[in-house]
Amino acid sequence: MHKEFMELSNDIHRYIVLELFLKTLERDRDHISQLKMKDIFDAWYESKINETFKEFIKLRDFLYMKGCKIEKQKSDDFMTYYFILFRGYDETRSYSNIALRNWVSEEMKRVLGMKFLTPADRK
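Residue numbers (our numbering): 1 to 123.
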């Protein structure tokens with residue numbers, strides 16, 4: 001396997017998690033209309049969506065500059081598959097949907113300032 005590709009592994013993982021986290025924030029924001037403090041929560045969600053989007057775009061551009069492209073291939077009830085192209089080398093990564101949910105939860109903990117796990121903590 002290409003050494004540079006291996007060095008980008010954590011960035012690729014982060015890209016996938018951030019993309020899902022953005023979708024989760026946007027979906028959750030749509031469900032706060034019944035809360036009494038909905039305006040405050042809506043402002044908080046908007047702020048976090050914007051921060052996360054900027055981080056996501058920065059990471060996407062970094063990976064692109066390194067010659068890496070990531071696409072979601074397919075998803076079923078149990079697994080999600082991503083196609084990764086890196087300078088002519090390609091790989092399909094499979095993630096358990098439960099694992100992806102857990103990583104998105106860890107990202108939410110990070111954003112909320114709670115103790116969270118990183119991929120390095122799970123090794």
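All C-beta atoms, glycine included, are put in the ideal place defined by N, C-alpha and C. Remember, predicted model here, so these are calculated numbers, not experimental data.
Check	Outcome
Runs of beta strand (DSSP E) lying entirely within the segment 60-89, each at least 3 residues, in chain order	68-75, 79-86
Bridge-paired residues (DSSP) for R14	Note: R14 sits in no beta bridge, so no partner.
Separation of F53 from L22, as counted between CA atoms	7 Å
Buried versus exposed, by CB contacts within 10 Å (16 or more), F86	buried
Exposure of L8, with buried meaning 16 or more beta-carbon neighbours within 10 Å	buried
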